[in-house]
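Asker:
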Amino acid sequence: MKRAALLNIELSQIIASMGHGDMLVIGDAGLPVPPGVRRVDLAVARGVPSLDQVLQAILSELQVETATVALECLDGQQLPAWYQQRQADGLPSAPQCVPHEEFKTLSRQAVAVVRTGECTPYANIVLHSGVVF
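Structure, rendered in structure tokens:
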């Protein structure tokens, strides 16, 4: 059995297949998944699992070079709490910030979109894969 925090087989396979610069989207329950992009639906109920829980597990395996969030998730200039909490786990200190419509367009290029039970507006993130060497 795996020792890492991420136990979901489908997510582990996706991460193992990612190359430098590939994108993985983790989204709230309402984020649309573009046609042709793989969907990993983890949503069980409202708030379960949270975006933060899924992000923490994914960061235990994925090397992240940069991240992208929607401008609308910012509170003034402040990053959301879930982003700040995960910087210690490998999120870059300064994500790219784009309008939500541009975020949705960017998600068309993702290897997969992971749907959580998160119901906080604009609680979505694109993780851009890095390299470990």
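So the number in the numbering used here is just where the residue sits in the sequence shown, counting from 1, plus 28.
Don't be surprised by glycine CBs; every beta carbon is placed ideally from N, CA and C.
1) Is it a yes or a no for the stretch 120-129 touching the stretch 29-41, going by three-plus beta-carbon pairs under 8 Å?
2) With DSSP collapsed to three states, give me the class of Ser-157.
3) Taking the CB atoms as reference points, tell me whether Thr-144 and Val-82 lie closer together than 7 Å.
4) Please list, in chain order, all residues of the same chain as Gly-118 whose beta carbon is under 6 Å from its beta carbon, the five residues on each side excluded.
5) With a threshold of 7 Å on Cβ separation, who are the neighbours of Tyr-150 within its own chain once the five nearest residues in sequence on each side are excluded?
6) Tell me which same chain residues have a C-beta within less than 8 Å of the C-beta of Leu-34, skipping the five on either side of it?
7) Run through the DSSP bridge pairs and tell me what Val-97 is partnered with.
8) So, at 8 Å on beta carbons, what are the nonlocal neighbours of Val-159 in its own chain, with the 5 sequence-adjacent residues on each side left out?
9) Measure the beta-carbon distance from Leu-155 to Trp-110 and round it to whole angstroms, keeping in mind my assumption that it falls under 8 Å.
Answerer: In this structure, then:
1) no
2) strand
3) yes
4) Leu-87 and Val-92
5) Ala-98, Glu-100, Cys-101 and His-128
6) Cβ neighbours of Leu-34 beyond the five flanking positions: Ser-40, Ile-43, Ala-85, Ile-86, Ser-88 and Glu-89.
7) Per DSSP, Cys-125.
8) His-48, Gln-91 and Glu-93
9) Not really, about 13 Å apart at Cβ, beyond 8 Å.
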